[in-house]
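Residue numbers (my numbering): 622 to 817.
The beta-carbon is built from N, C-alpha and C at its ideal position, and this holds for glycine as well.
Report on the following structure.
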């Protein structure tokens, strides 16, 4: 099981790096599109270096940048407001965090199922993108992989929170519970180590 968890975490990290590459690529595509259009306008059309499909590349690049970032960021990039949970028991806070991650697992699973159905539909109709004529089934396949990874990673994180952090930690092995700052879940500790 630990091997599977490590594999999923590594895949999420690789997807996160891929999202970064896509974001940088989007920046260069936008820059090239703006520059070539400016040259075209400045020369009254005598120099035409413009290219077709820049908007499509940005649109699908943004889709994949968001979807590939979500599996890695689901555990560590959420803003936690302690206004309502400040006085709650540590165990209740962990269960709330697990419930929150289960919501992401359901979101990823639902999107995976929906786009998996769309793959067959796009393959039967031969539907393509408007400008670049890329078959939509290939794009949907990538979406299914990213959303399935989100569902699996969020489910693993929720499971770790529920099954490994359900008892309060004790300080120095005594009967006295640790201070709230000492009680960190495995997921929170791993996220802190990854940031360092």
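- Task: Count the other C-beta atoms from every protein chain shown that fall within 10 angstroms of the C-beta of residue 691, then say buried if there are 16 or more, exposed otherwise.
- Result: It counts as buried.
- Message: I'd like the list of long-range same chain contacts for residue 721, defined as Cβ closer than 7 Å, with 5 residues on each side in sequence excluded.
- Response: When the five nearest sequence neighbours on each side are left out, no beta carbon in the same chain lies closer than 7 Å to the beta carbon of residue 721.
- Item | Inter-stretch contact at 8 Å, needing at least 3 Cβ pairs: the segment 768-784 / the segment 675-692 | Enough Cβ pairs lie closer than 8 Å, so yes.
- Any 3 or more C-beta pairs closer than 8 Å across the segment 673-686 and the segment 637-649: These segments touch.
- Message: So residue 717 and residue 706 are supposed to be a Cβ contact under 8 Å. How far apart are they, rounded?
- Response: Sure, about 7 Å apart at Cβ, within 8 Å.
- C-alpha distance - residue 766 paired with residue 703, whole-angstrom precision: One C-alpha to the other measures close to 34 Å.
- Nearest-angstrom Cα separation, counted from residue 696 out to residue 636: One C-alpha to the other measures close to 15 Å.
- Message: Is it the case that the segment 749-756 contacts the segment 670-680, given that we only count it when at least three CB pairs across the two stretches are under 8 Å?
- Response: Verdict: yes, contact present.
- Item | Straight-line gap, residue 681 to residue 708 (C-alpha atoms, nearest Å) | Taking the straight line from one Cα to the other gives about 44 Å.
- Hey, could you find the ends of the alpha helix (DSSP H) residue 746 is sitting in? Residue 746: member of the alpha helix (DSSP H) spanning 711-746, first to last residue.
- Below 8 Å CB to CB, which residues in the same chain sit around residue 757 once its five sequence neighbours on both sides are set aside? 739, 743, 748, 749 and 750, listed in sequence order.
- Item | Residue from 776, 711 and 741 whose Cα sits closest to the Cα of residue 728 | Among 776, 711 and 741, the Cα nearest to that of residue 728 belongs to 776.
- Query: Given a threshold of 16 other Cβ atoms within 10 Å of its Cβ, counted over all protein chains shown, does residue 668 qualify as buried or as exposed?
  - Reply: Counting Cβ neighbours within 10 Å, residue 668 comes out exposed, since fewer than 16 surround it.
- Message: On the DSSP letters alone, give me the boundaries of the alpha helix (DSSP H) that residue 638 sits inside.
- Response: Run containing residue 638: 623-663, per the alpha helix (DSSP H) assignment.
- Message: Considering only the alpha carbon of each residue, which of 654, 783, 760 and 734 lies closest to residue 714?
- Response: Of the candidates 654, 783, 760 and 734, the one whose C-alpha sits nearest the C-alpha of residue 714 is 783.
- Item | Option in 654, 627, 653 and 759 with minimal Cα separation from residue 745 | Cα-wise, what sits closest to residue 745 is 759.
- Item | Cα-Cα separation between residue 628 and residue 672, rounded to whole angstroms | When only Cα atoms are considered, residue 628 and residue 672 end up about 40 Å apart.
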